[in-house]
Amino acid sequence: MHTDDTPDLRPAIDRLCTWFEAISPRTLDQLDAFYTADARFKDPFNEVRGIPAIARIFVHMFESLHGPRFVVTARIVEGTQCFLAWEFRFRFKRFDTTTEQVVRGGSHLLMTNDGLIRDHRDYWDAAEELYEKLPVVGGLMRWLKQRANS
Numbered sequence: 005m006h007t008d009d010t011p012d013l014r015p016a017i018d019r020l021c022t023w024f025e026a027i028s029p030r031t032l033d034q035l036d037a038f039y040t041a042d043a044r045f046k047d048p049f050n051e052v053r054g055i056p057a058i059a060r061i062f063v064h065m066f067e068s069l070h071g072p073r074f075v076v077t078a079r080i081v082e083g084t085q086c087f088l089a090w091e092f093r094f095r096f097k098r099f100d101t102t103t104e105q106v107v108r109g110g111s112h113l114l115m116t117n118d119g120l121i122r123d124h125r126d127y128w129d130a131a132e133e134l135y136e137k138l139p140v141v142g143g144l145m146r147w148l149k150q151r152a153n154s
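Residue numbers for the sequence shown follow this note's numbering, so the first one is 5 and each next one is one higher.
1. Just verifying my parser: in three-state terms, what is the DSSP assignment at Phe66?
2. For Phe92, which residues of its own chain have a beta-carbon under 6 Å away from its beta-carbon, when the five flanking residues on both sides are left out?
3. Given this structure, state the Cα-to-Cα distance separating Glu67 from Pro15, to the nearest angstrom.
4. What alpha helix (DSSP H) runs, 4 residues minimum, are completely inside the segment 91 to 133?
5. Is Phe49 helix, strand or coil when you go by DSSP?
6. Distance cutoff 8 Å, beta carbons only. Does Thr84 sit that close to anything in chain C?
7. On the three-pair Cβ rule with 8 Å, is the segment 48 to 57 touching the segment 78 to 85?
8. From the DSSP secondary-structure annotation, give me the bridge partner or partners of Ile80.
9. Mapping DSSP to helix, strand and coil, what is Phe38?
10. Quick one: what's got a C-beta closer than 6 Å to Leu113's C-beta in the same chain, skipping five residues either side?
11. What number of angstroms, rounded off, separates the C-alpha of Cys21 from the C-alpha of Leu13?
12. From which residue to which residue does the alpha helix (DSSP H) around Arg19 run?
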């Protein structure tokens, strides 16, 4: 809900979603157009602060995976908070290199009044969305899941 004392961040979120969906090694130099200098980023594997550390996470993603890309499937904007639902699509560089993998998750973003991300927290199930797709580990994870649900 937009009120007179809260900024309308929907245009900034639109620009951010467009950038996320087109992110590439060439666009990483634009991080400062979307994140504050001391922004925090947290996901199931990382917790870092600052644009250089956030950039290293994205660089590692591009080095480790073939064709990684995000597809934003939904967004909720409330004041200076935003939640993005997304699909992360990629192919492994090792293991099954031909099958496109899909990880579904969401990002909770805390924004500044001028539309920059000050806190970015990604939520996704690493066991279901990633580990189950890996050889050996995937078989173990599926077995554990089956045993837990019996």
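Heads up, the beta-carbon is just placed ideally off N, CA and C, and yes, glycines get one too.
Once the coordinates are examined:
1. For the purposes of this step, residue 66 is taken as residue 62 along the sequence shown, with counting starting at 1. Helix, per DSSP.
2. In the sequence shown, the residue the question calls residue 92 occupies position 88. Closer than 6 Å at the Cβ level, and outside the excluded window around Phe92, lie Phe74, Val107.
3. Counted from its first residue, the sequence shown places residue 67 at position 63. Counted from its first residue, the sequence shown places residue 15 at position 11. If you take the alpha carbons of Glu67 and Pro15, they lie about 31 Å apart.
4. 130 to 133
5. Taking the sequence shown and counting its residues from 1, the one referred to as residue 49 is at position 45. Of the three classes helix, strand and coil, the one that applies to Phe49 here is coil, per DSSP.
6. Checking the listed chains, one finds no chain C in this structure; it contains a single protein chain.
7. no
8. Taking the sequence shown and counting its residues from 1, one reaches residue 80 at position 76. Partner(s): Phe87.
9. For the purposes of this step, residue 38 is taken as residue 34 along the sequence shown, with counting starting at 1. Looking at Phe38 - three-state DSSP - the assignment turns out to be coil, as it is neither helix nor strand.
10. As a first step, residue 113 must be located in the sequence shown, where it is residue number 109. Here the set comprises Cys86, Ile121, His124.
11. Looking up residue 21 in the sequence shown gives position 17. Looking up residue 13 in the sequence shown gives position 9. Each residue's alpha carbon lies about 12 Å from the other.
12. Within the sequence shown, residue 19 is the residue found at index 15, counting from 1. 14 to 25 is the span of the alpha helix (DSSP H), which, as asked, contains Arg19.
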